[in-house]
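Below: one structure, written as structure tokens.
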Amino acid sequence: MKVTLESSDGQVFTVDKEVAELSVIIKEMLVIEQANQDHPIPLLNVGAVELAKVIEYCEHHRNDPTIDDDEDYDSRKKPIEMDDWDKQFTIVNKEMMFELILAANSMQVKPLLHLGCRYAADIVKRMSPTEIRDLFQIDDDFTPEEQDKIEWEKQWTKL
Amino acid sequence: MPSICPLELPEILQSVANQTSERSLPACALVSKAWYQVFNPHLWKDINLSEKRPNPPEAIQRHCHLVRTLEITCQPKQEHAALRFPNLASLTVKNSLQDLDITQLVTEHSTLSRLDLNFIKSGLQPSLPLWKKLLELRNLKDLSISNISIGEKNINAFWQLCTQLERLECYWISIPHRGLLSSMEFPRMKEINLWEEIPVYLELMRRCTGLEILTWSSWEGLDGGFVPGFVQLASSGTWPELESLTLFPFAITNEETFKIISSMRRITLLSIDGKGSLFAADTIVQLRPHFHSIRELDLAFNRGLTSAMAQEILSSCPLLVKFSVPQLKAIDVAEGNPWVCFGIQELSACIYFDPATIKEVQPLVLDQLSRLTRLEELKLGHPTEAVFQKAMDLRLESGLGKLSTLRRLRYIRFTNTRQKMGEKEIEWILEHWTSLEEILGVLNPYNPGICKALMERLESHGISIQTRFQ
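Written out as structure tokens, the structure reads:
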């Protein structure tokens, strides 16, 4: 069975139902509007470029086992598998990946959301706080005293 | 940048924090107040009081509510006495602290669900007051003890404690007598991990009727007459939920293995091994119904496990993660069904060839291996004994290039096989096996000069290489 999705800029995509259902939001909508599928499902927060990419991801992962429990995504407890296809998929610029994270978040495509967060976690690896702030345009709202205190405290932890 | 940065959303930042490597956490906590809120709890979740760290003062006390896991490896310090962790779930004490200190710690941390008392060096005989305090830990589900003497008077307190546990690990413990064991039941126990053979262990296992995971091992062969008793327990249906079984290194006959496997309703892990263990045709028949659920099979010393059986397992168990068998004939692989264990991470099998057909057969075997893209450890050849048959030829002209898909490979072993690798092969390895950390085997026994140069080349790239087992 096919379903149609409409991006925020009005582009319509037709995909297999099981592919679209990787999005928790769409899955729920399909349950509610079972009888009424003549018009496309509107995705108000997702542009056509991002939607195409999200669909590409869902197509590839259509047969993956579903993970319901958010706890399972804690990768230090249990590393999430990232195959070569996923690695290729994440070779995009930071802005694109951030748009994809937002799209995955609003559509609730959890494995893609997780993949995007993993991408962000990989970016900050070995960066200093200043570098992280510059990269993401985050304001430093610590006073120098607060900063010293945290620096001093963290030496006691294992890390 | 997008209209909003996704990292401004707390739930997304939390998901990033869950995936940030431990070493990167401190820098992240210093980015901003919002980031501090998310990353700081990860910094304090798991702490270690050791001699190497400076004495922990107020800082630990201030974050004490975040600490879930505490490990103490240093001698008791005055400053530690005041520490309280209201949400502590797991405590490990290694070769430090006296009975009294542990008793006090346990008294103050009633939230503990896991306790590990590890006294490899010094030994410990916990006092009765300590056992009584342990009995007051209503959440305690997981107990691990090593090098501990239970003591004459405390044995019943220990059995009492076992009634509430779901997991028990015992290494080198001494149990003076059975005490009231024969009147006890341990229905909550799901996992038991015992080391060495103590007669009382059989009695203990018999009373754990809800066991799912059972491990009984030792340095030396377990054959002090316990095998028949164990087999009797298994085959009389003592553990209907048992799905993971490790007996190492037991010498078990085929009949015994057959009985044990027949008694299991579901198998996810099976490691029945020891020199002299046997595994014959009728036993594999018993194993077949479990092919869809098996994740780990360790049968490396089971002489009776034939190459054809190993090939059947590789082509029938889709969930296999770890597999070790004594031998695998290349011709069986070439003529058999394609392997289905695409998630396998560890494969240990001495693959050997008929010299007359190696040219035609090796590419077919390499094709099968090349599809195991999750493979992290590949052990070809025999660990210690000389291999008389023709082993896999790891040269580019013989098709090594097909294995470029094994990008996760961390460890490869080809001990006791005669390789003829040269510079080309080493450069290829450096280019394609980017995760490789360790090699065990001789690269080129025919030319010691080249061999040495190749080893140096690998070592200069941080790959450790050993020529034989240490």
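Heads up: the sequence lines are chains A and B, in that order.
Quick note on numbering: full-length UniProt numbering labels position 71 of the first sequence as 71, and the sequence is numbered without any gaps.
Quick note on numbering: full-length UniProt numbering labels position 266 of the second sequence as 266, and the sequence is numbered without any gaps.
Glycine residues also receive a C-beta, built at the ideal position from the N, C-alpha and C atoms.
Since the structure is predicted, the reported quantities are computational estimates derived from the model, not experimental observations.
| query | result |
| --- | --- |
| Are the beta-carbon atoms belonging to ILE213 of chain B and SER236 of chain B less than 7 Å from one another? | no |
| Of all the residues that make up the UniProt domain "SKP1 component POZ" (1–63) of chain A, which are near chain B by a beta-carbon distance shorter than 9 Å? | none |
| For ASN154 of chain B, which of B:TYR171, B:LEU181 and B:VAL16 has the nearest alpha-carbon? | B:LEU181 |
| Hey, out of B:ASN18, B:LYS379, B:ARG413 and B:ALA356, whose CA is closest to LYS390 of chain B's CA? | B:ALA356 |
| Whose C-beta lies closer than 7 Å to the C-beta of SER121 of chain B among residues of the same chain, with five residues either side of it excluded? | It is worth fixing the name first, because residue 121 of chain B is Lys in this sequence and not Ser. Taken in chain order, the residues that qualify are ASN95. |
| From the DSSP output, in three-state form, read off ARG371 of chain B for me. | coil |
| For CYS208 of chain B, which three-state DSSP category applies? | coil |
| What's the gap between the Cα of LEU159 of chain A and the Cα of ALA59 of chain B? | At LEU159 of chain A, the pLDDT of 49 sits below 50, so the modelled position is not reliable and the matter cannot be decided from this model. |
| From the beta carbon of PRO26 of chain B, is the nearest beta carbon of chain E less than 7 Å away? | Among the chains of the structure shown, chain E does not appear; the protein chains present are A and B. |
| Can you list the beta strand (DSSP E) stretches of 3 or more residues lying completely in the UniProt domain "F-box" (10–49) of chain B, in chain order? | 46–49 |
| With a threshold of 7 Å between beta-carbons, can THR20 of chain B be considered close to chain A, or not? | yes |
| Under the three-state reduction of DSSP, which class applies to CYS350 of chain B: helix, strand or coil? | strand |
| Give a yes or no on whether the minimum CB-CB distance between ALA59 of chain B and chain A is below 7 Å. | yes |
| How is CYS5 of chain B classed by DSSP in three states: helix, strand or coil? | coil |
| By the 10 Å Cβ neighbour count, where 16 or more other Cβ atoms means buried, how is MET1 of chain B classified, buried or exposed? | Summary for MET1 of chain B: the model assigns pLDDT 42, below 50, so the residue's position carries little reliability; its value from the coordinates is reported in the next sentence. Classification for MET1 of chain B: exposed. |
| Using a C-beta cutoff of 7 Å, does LEU202 of chain B count as contacting chain A? | no |
| Between the C-alpha atoms of LEU100 of chain B and LEU202 of chain B, what's the straight-line distance to the nearest angstrom? | 32 Å |
| Where do the ends of the alpha helix (DSSP H) carrying CYS162 of chain B lie? | 155–162 |
| On a Cα-Cα basis, can you pick out the residue from B:PHE301, B:ASN302 and B:ALA310 that is closest to PHE291 of chain B? | B:ALA310 |
| Exposed or buried, LEU88 of chain B, counting other C-beta atoms within 10 Å across all chains shown (16 or more means buried)? | buried |
| The beta strand (DSSP E) that contains ASP116 of chain B, what's its start and end? | 114–118 |
| Hey, how far is the Cα of HIS382 of chain B from the Cα of PHE469 of chain B? | 11 Å |
| Leaving out the 5 sequence neighbours to the left and right, which residues in its chain are closer than 7 Å to PRO144 of chain A when beta-carbon positions are compared? | none |
| In the DSSP assignment, the alpha helix (DSSP H) including VAL31 of chain A goes from what residue to what residue? | 24–32 |
| Can you tell me which of the three DSSP states ILE145 of chain B falls into? | strand |
| Look up LYS53 of chain A in the DSSP assignment and say whether it is helix, strand or coil. | helix |
| Can you tell me the Cα-Cα spacing of ASP332 of chain B and ILE313 of chain B, whole angstroms? | 12 Å |
| With a 10 Å radius around its C-beta and 16 neighbouring C-beta atoms as the bar for buried, classify PRO26 of chain B as buried or exposed. | buried |
| Do we get a CB-CB distance below 7 Å when we pair SER96 of chain B with the residues of chain A? | no |
| Determine the extent of the beta strand (DSSP E) in which TYR171 of chain B is found, giving its start and end residues. | 167–171 |
| What is the DSSP secondary structure of ARG457 of chain B, counted as helix, strand or coil? | helix |
| Would you say ILE175 of chain B and ILE145 of chain B are within 7 Å of each other, going by their C-beta atoms? | no |
| Going along the chain, which residues of its own chain have a beta-carbon closer than 7 Å to the beta-carbon of residue 507 of chain B, five neighbours each way excluded? | The structure shown does not extend to residue 507 of chain B, since chain B is modelled only from 1 through 470, so no value can be given for it. |
| Kindly list the residues whose CB is nearer than 6 Å to the CB of TYR171 of chain B, restricted to its own chain and excluding five residues on each side of it in sequence; keep chain order. | SER146 and TRP195 |
| So, is the C-beta of ILE123 of chain A closer than 7 Å to a C-beta in chain B? | no |
| At a Cβ threshold of 7 Å, is PRO6 of chain B touching chain A? | yes |
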